[in-house]
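Peer 1: Residue numbers (the working numbering), protein chains in the order written: chain A, 1288 to 1971; chain B, 14 to 224; chain C, 6 to 252; chain D, -9 to 239.
Glycine included, each C-beta is placed from N, C-alpha and C at the ideal position.
Just so we're clear, the structure is a prediction, and the values are computed from it rather than from any experiment.
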Amino acid sequence: MSEQRCPMCSRPNPPEAHECWHCGARLTPLDPGGSASGSASQPGSRLGGERQPVPPEQDWLDRIRAESEAAGEPEPDFTAEPVTGELPSWLEEMKPEGSPPEAGEEGGRVSAFKAAGEPGGMEAADESGPPEWLRRIRAREEERAQDTGESGQDWLSGLRGSPGAEPEPEDVSYPPRPGRDMAAPRPAAPESRDLPPERPRERPAAASQEAMPSWLRQAGGQDAPPGQDRAAEQLPPSGSPPTTPPFGLPHVQALIGEGGAGEAPLGGKPEGEVDLPDWMDAASLEGPAEALPAASEGEDSRLAPATLPSWLEAMRPVETFRPVVQIQTEDDQAVESAGPLAGLRGVLIAEPLVAMPRTATVGSMQLAVSERQYAQAELLHRMVEDEEREVQASRRARPQLNFIRWAVAGVLLFATALPVLSGSPRFSLPSLEPRELGSLFTLIDTLPAERPALLVFDYEPGYSGELDAVGEALIEQIMVRGIPIATMTTRPTGSLLAMRVIDRLGPRHDYVPGEEVVHLGYLSGGATAVQLFSLRPREAILQGFDLPEDMQEAGITAWDTPVLRGVTALSDFSLVTVITAGTETARVWAEQAKNYMGQTPLVMVLSAGAEPMVRPYYEAREPRVNGILTGLPAATAYERRMGQEGLAAQRWNAFGTAMLASEFILAAGIAYGLVQWWMARQER
Amino acid sequence: MRVRLSALWAAVALAAGLFVLLGYFVQLKAVQDLRLTFLHWAVLLAGAALIVGLVNLVSVHWRKVGLLEEGWIYSAVLILALVITLGLGLFFGPDNAVALFIFSNFQLPVETSLMALLAVSLVVAGFRLVSRRRDLYTLIFLATALFVMVGTAPWPLPGLGTFEVVVRDLRAWISQVWAAGGARGILLGVALGATATGLRVLLGTERPYGG
Amino acid sequence: MTTPELIASFLGAIITLMVLSYLFADNPLFRLAIHIFIGSASGYAGAIAWHNVLKPGLVDPLFAVGLRGIAQPSALVTVVLPWILVLVLLLKLSPRTSRYGTLSMALLVGVGAAVVVGGAVSGTLVPQTLASMESLSPASVAPQTGETGLERMINVSLVLLGTITTLLYFRFGQRQSLTGEGETPLAVISGVTIPGPAGLIRAVGKAFIAVTFGVMYAGALSAALVVLVERLQFLRDTLSNLFGALG
Amino acid sequence: MTGSAWQGLAALAVFLGLLLLFAALGRRSPASFRPIPAFEALGRAIERAVEAGQRVHISLGTGSTVGQESAPAFAGLAALSSIARTTSMSDRPVVATTGDAAMAILARDTLRSAYESVGAAERYEPTAGRLLAPTPFSYIAGLPLVLATEEVAVHMLTGSFGVEAALAADFGERENAFVIAGTDDVQSQALFFATAEHPLIGEEVFATGAYLEVGGLHTASLRTQDALRWAIIALILGGTLLSTFGVLR
């Protein structure tokens, strides 16, 4: 190891550094006990020099791991893993990539933690008081608590607030910041503080089981056959451990795929990587990870058994993955030879490494350190997150929500219906009109009356309640000027909407279908078709819609009517008006069709929410939209200019009360949320 | 054999896509003609796909009716409405009076009523938002929304002329300048994502058509 | 109001109430209305597809060239190939023959993807990038609104800032310098993390997004409220017409 | 060719070049991406749904396949493929619905090849990819029925929607489903931001494939997008300067 990376900022540091040069974060964990004592002190010698002796300040788990690897690995190729030791090594071992030896190891260790209740488990240790390693953990915890003066939870909140955490004032209901942006974790010990000591001991184990689907759980859990010694040389590998194929989740064929794990149907991955989506893969880590805290929780309660609870066993999805936990008689169980449990019988072991086919480590070696760090940090994150997941699972029924819905609906309906039914309250029409309204009015007023205007009804019928009201005054102005009108649409029901509007307004201004107004109809093909239409209008739409019967009988198409006779291109229209609620539609017309319009102005009649997307086209130095009419207030102003009271004015009062009610409800919601937050804070 | 076929389909997609794509930038007549042809075919195929879709839709509901599954009566109503509208539309054209009647008195009321439901849903969502997602951005979101609404809605208290003017100007400033900046950034980002997605499909690394 | 009109609007009112009943809970009336709606919308879409797409694009050309004309080379593009493609697509009707219809779908997807790419590049990436290059000079004048001077400068700067920070907010990579994610916070003051410059840019970007969304939410809400008003007015009008006719 | 055509072609060429470059580089130096909480939550929600024997529902929106609005649906299809493979053992396989008929066919094809690729061809049901209704509002109206009758626990919206999309998300909330929603339209995104439990903002919807580890060019796509992001910013800043000093225009 030539350098170590800072867990906070990920920058390289000299190997001997204790604090990061760049951000000052602590690089090595605090170890109050100084050098570790006892059993796990000679890994280097046992390796025959293949691996450098573990420095005394390294983690105690690191030593255990070194030892176990030394024992289990016939040809330990530690140099092939340049990243080893850059992180707290217990996390190193929980590598998510599904590298089988490590997975096995991890499974073994976790089972050891979980399985105190089993015959030959950790009962002996329990009876004789806390084991040495547990005491060390506590000591370290206390040391840390004194150091920081914070509760155990705070190391996590520290992490959350660390790199890249956005300044969120409160993080209660958001999912916690994902682990990838967390700094690498501190030593294992503080985690135990996450769980209050009086918590039932079974909980973490059960939680970990619950937290993932059983097929995933299975994959993590099956690597823990009891009765196998950690040291591979002491027992032949032919015992109980299931043979594990060279990828992480061995039995889940469906996940890995028919053609083997490496063959991704939709693309390749680096060699040696399991082609299981990482998000599923990472999840498989949770079980072991969550089980860890149970180990250090305290001595007076029983550890959860390694077997699955029956209710969980009965659960889906498949029974074929049921773990085969074979418990050997005590005599058959080998004696632990190393580590803190040395001398005990039947200690649950790490997977005998020799039994595990190893994948070539080249691929994973080439993975940058970061990949691991993030995965490991994520592991930690998930351990914590599990607490919340249980809460989520029980959160399904939300009767309160229905009450909120009814209350809001009631208030809103009442507020809207009040002026509709009683005629009061009344609001004065807006005295101010939008800046762009005057120029739009002038634009329509100065259009050449001999060329037709094209009205594009590009909205769904659902919006007709709004857009009919907004667009009405403008269409009336066009009709007042006597400009012939052609309509079209790119939506199947648009023609019917056009028909409705024209049928309502046309007779007021003596517009005769076929003479002054004609419907081109539906243009299929969406945005693409708009381009085609812009390029060659006559070829894009062949027929008309709702032509007068005599014209249909005479075989006259819409293009042959007096309205459109002179039109061969978009620029032949005097005006193109797009009435739409969709920002995309508006953009298509502004960006694609405008190029073919020449001097013909393009006007947008918009639903209120679409304005910010279209306005840049209007305000650009070379405007692609020449007029905008949006929202009910602007429509009322337009009607006033026209000297009439139209749909917009009729809806103004009810719109006013509905808006006020909504504002009130939103403000109440903000206040309610903040009060909740404040109260939660106070409670904490 | 399947491998070859799937490569063939990918090649078809790529070839058709290439001409259509080039047509956006190259104004050569041959390219433009090919582009128009492919687009025309695609529109035809989309129309034919709708027929396939409708047949599937009917068959799904037909099966429900046949098996008297829960809610079969609704399925029967759906099929009936579909057949009537389709039949009328096919024989008398989409602009016949009955089609307009059905549209005006069934489709339009349902759609506008759904929009009315949307209004309630949006207000409920706004009410719950702070309790549900308590961060600075949610507060900014809601504060902006509230301010814009105040600036849009009728002014309840008369006689605050200057204040009203300030509020409405500020509203216009926020929605026309601040929002325009954010919207443009989002648009550019979406365009980047869409381009990448389209290119993946074109290159055949993603083949939603199977094969 | 004539009697048929009255009946029609009464039907509309009934179906409106059926849909609005969903406000209280999902119920059979709502489901009935929805099924009628889906049925009629689907039927109408099918009729439109026939009259506006398939008939003029497929059937009419075939009749125009006649069966003999099919053999001509010019009919290959206008008649033969479209027919083949559509017939191949119709194989998708049955699950058994479905996999043989891939040719048409591949073509459709190819064209769709090309439209996506072409539209995004030529419709958004290039024009929006160009449109962002506004002059910051106070002397420039906005063509439509006429704003100039400091006002113009501030507005252009704000749009520029919003565009760039928003764009940066979406950055996916996280290990390089200016992302905010892998960055050390500037300080942590009483529990509040002050992000470094990259984190700050992301925060500003997200704030711009929140403002944009807020404006659009308000717009959509006010649009929906107008529609709600329209529905209630429709109900009122129908009722009063009905009572008028009865009384 | 016009100036803008050249600009477009150049942008396209750069995009394609970078995409292929990153695809080649990707094997040697894998990228790591910022976490998106919504995707992390999605993974867990899917696990839970599988465990509870409930369904994952993917809505591919109402955009036409032959149009720009098909982009998010294509991203949704990639997600569909991935999720179908990972949940192929579930009692209730994933269901995809859409408001575009051609997209429904694509959903079926995607599901079939996904199941075949994991050796679970028998899990494929033709009705798992379906057209609910052919217009935006009728599609939205059909959603509550699917959500209620199919026991949907995860409601994922990745497609093109109009404003009515907010209803689609809200229907999911009413059914107490896990709702994750992303789309291309900015206004609909704003509404998702308010109504969906886990909104995907901006281009995050297009990153679905990369975050669900679909493989292929997805990762390279994100790196390309990042590279071009910088290029665009540089261009905008440069252009603004030139414009300010009167060099441009």
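By the criterion of Cβ-Cβ separation under 8 Å, what are the contact partners of Y105 of chain C in chain D?
Peer 2: In chain order: nothing, as chain D lies at least about 12 Å away.
Peer 1: Look at L1947 of chain A and A1740 of chain A and say whether their C-beta atoms are less than 8 Å apart.
Peer 2: No, Cβ-Cβ distance for L1947 of chain A and A1740 of chain A is not below 8 Å.
Peer 1: Taking 8 Å as the threshold (beta carbon to beta carbon), is N246 of chain C in contact with chain A?
Peer 2: Not one chain A Cβ lies under 8 Å of N246 of chain C.
Peer 1: Compute the beta-carbon to beta-carbon distance between W22 of chain B and R220 of chain B, rounded to the nearest angstrom, for a pair I have assumed lies under 8 Å.
Peer 2: Confirmed, Cβ separation roughly 7 Å.
Peer 1: Quick one: list the residues of chain C neighbouring T1867 of chain A, beta-carbon separation under 8 Å, in chain order.
Peer 2: Within 8 Å Cβ-Cβ: nothing; T1867 of chain A doesn't reach chain C, min ~12 Å.
Peer 1: Rounded to whole angstroms, what is the Cα-Cα separation between F15 of chain C and T210 of chain B?
Peer 2: If I take the Cα positions, the gap works out to 48 Å.
Peer 1: Taking the C-alpha atoms as reference points, what is the distance between Q238 of chain C and G1710 of chain A?
Peer 2: The alpha-carbon atoms of Q238 of chain C and G1710 of chain A are separated by roughly 11 Å.
Peer 1: With respect to the beta strand (DSSP E) encompassing G119 of chain D, which residues constitute its N-terminal and C-terminal limits?
Peer 2: G119 to L121 is the extent of the beta strand (DSSP E) around G119 of chain D.
Peer 1: Would you mind giving the Cβ-Cβ distance between G100 of chain B and A54 of chain C, rounded to the nearest angstrom? I have them listed as a contact below 8 Å.
Peer 2: Not a contact, Cβ separation roughly 14 Å.
Peer 1: What beta strand (DSSP E) runs, 3 residues minimum, are completely inside the segment 1744 to 1770 of chain A?
Peer 2: Listed in chain order, nothing qualifies, since the segment 1744 to 1770 of chain A has no complete beta strand (DSSP E) run of 3 or more residues.
Peer 1: So, at 8 Å on beta carbons, what are the nonlocal neighbours of A1935 of chain A in its own chain, with the 5 sequence-adjacent residues on each side left out?
Peer 2: Answer for A1935 of chain A: A1756, V1757, E1759, A1760, L1919, A1922, T1923, Y1925 and E1926, listed in chain order.
Peer 1: Which residues, in chain order, does the segment 218 to 229 of chain D contribute to contact with chain B at a C-beta distance below 8 Å?
Peer 2: Listed in sequence order: L218, R219 and I222.
Peer 1: Could you give the C-beta distance for F177 of chain C and L212 of chain D, rounded to a whole number, given that I count them as a contact under 8 Å?
Peer 2: Going by Cβ atoms, the distance from F177 of chain C to L212 of chain D rounds to 4 Å, so yes, they are a contact pair.
Peer 1: If I measure Cβ to Cβ from V5 of chain D and keep anything under 8 Å in the same chain, skipping five residues before and after, which residues do I get?
Peer 2: A quick correction: the sequence has Phe, not Val, at residue 5 of chain D. Closer than 8 Å at the Cβ level, and outside the excluded window around F5 of chain D, lie T214 and L218.
Peer 1: Specify the secondary structure class of A1838 of chain A as computed by DSSP and reduced to three states.
Peer 2: At residue 1838 of chain A the sequence reads Met, which differs from the Ala that was named. Note: M1838 of chain A maps to helix in three-state DSSP.
Peer 1: Quick test of your reading: T170 of chain C and V209 of chain C, contact by CB under 8 Å. State the CB separation rounded to the nearest angstrom.
Peer 2: Their Cβ separation, rounded to whole angstroms, is 4 Å, which keeps T170 of chain C and V209 of chain C in contact under 8 Å.
Peer 1: Can a CB atom of chain D be found closer than 8 Å to the CB of E1747 of chain A?
Peer 2: E1747 of chain A counts as touching chain D.
Peer 1: Indicate whether at least one CB of chain D lies closer than 8 Å to the CB of M1946 of chain A.
Peer 2: No, M1946 of chain A lies away from the interface with chain D (no Cβ there is under 8 Å from its Cβ).
Peer 1: Counting only beta-carbon separations shorter than 8 Å, does E235 of chain C have a partner in chain B?
Peer 2: Yes, because at least one Cβ of chain B sits closer than 8 Å to the Cβ of E235 of chain C.
Peer 1: What does the alpha-carbon distance come out to for the pair A1470 of chain A and D216 of chain D?
Peer 2: Reliability of the predicted coordinates at A1470 of chain A is poor, the pLDDT of 36 falling under 50, and the value obtained from them is presented with this limitation in mind. So the alpha carbons of these two residues sit roughly 23 Å apart.
Peer 1: On the three-state DSSP scale, how would you describe N109 of chain B?
Peer 2: Reduced to three states, the DSSP call for N109 of chain B is coil.
Peer 1: Need the endpoints of the alpha helix (DSSP H) that Y1798 of chain A sits in, please.
Peer 2: Here Y1798 of chain A belongs to no alpha helix (DSSP H), and DSSP marks it neither H nor E.
Peer 1: Please tell me whether V131 of chain C and A61 of chain D are closer than 8 Å, where the distance is taken between their beta carbons.
Peer 2: No, the pair does not count as a contact, with Cβ atoms beyond the cut-off.
Peer 1: On the criterion of 16 or more Cβ atoms from any shown chain inside 10 Å, does E1577 of chain A qualify as buried, or is it exposed?
Peer 2: Any reading at E1577 of chain A is ruled out, since the residue's pLDDT is 39, under 50, leaving its predicted position unreliable.
Peer 1: Any idea what DSSP makes of M6 of chain C, helix, strand or coil?
Peer 2: Correct three-state label for M6 of chain C: coil.
Peer 1: Indicate the three-state DSSP secondary structure (helix, strand or coil) for S137 of chain C in the structure shown.
Peer 2: The answer is coil: DSSP assigns S137 of chain C none of H, G, I, E or B.
Peer 1: Within the chosen definition, does the segment 129 to 148 of chain C reach the segment 22 to 35 of chain C through at least 3 CB pairs nearer than 8 Å?
Peer 2: At 8 Å Cβ cutoff, the stretches do not touch.
Peer 1: Which residues in the same chain as T1366 of chain A place their Cβ atom closer than 7 Å to its Cβ, once the five residues preceding and following it in sequence are excluded?
Peer 2: Confidence is the limiting factor: at T1366 of chain A the pLDDT is only 37, short of 50, which leaves the residue's position unreliable, though a coordinate-based value still follows. Result list for T1366 of chain A: empty, nothing under 7 Å.
Peer 1: Against chain C, does V1707 of chain A count as a neighbour if the rule is that its beta carbon must be under 8 Å from one of theirs?
Peer 2: So yes, V1707 of chain A belongs to the interface.
Peer 1: Are the C-beta atoms of P27 of chain D and some chain C residue less than 8 Å apart?
Peer 2: No - not a single Cβ of chain C is within 8 Å of the one on P27 of chain D.
Peer 1: Which residues mark the beginning and the end of the beta strand (DSSP E) in which T1864 of chain A is found?
Peer 2: Here the beta strand (DSSP E) through T1864 of chain A covers L1862 to T1867.
Peer 1: Nearest chain B C-beta to A1955 of chain A closer than 8 Å, yes or no?
Peer 2: Judged by the 8 Å Cβ criterion, A1955 of chain A is in contact with chain B.
Peer 1: Starting from I1915 of chain A, follow the beta strand (DSSP E) in both directions and report where the run begins and ends.
Peer 2: Start and end: G1914 to T1917.
Peer 1: Among all the DSSP beta bridges, which residues are the ones paired with Y1809 of chain A?
Peer 2: In DSSP, Y1809 of chain A forms a bridge with A:T1776.
Peer 1: Taking only beta-carbon positions, decide if Q238 of chain C is within less than 8 Å of chain D.
Peer 2: No, Q238 of chain C lies away from the interface with chain D (no Cβ there is under 8 Å from its Cβ).
Peer 1: What residue from A:A1945, A:R1971 and A:R1968 has the CA that sits closest to V232 of chain C's CA?
Peer 2: Of the listed residues, the one whose Cα sits closest to V232 of chain C is A:A1945.
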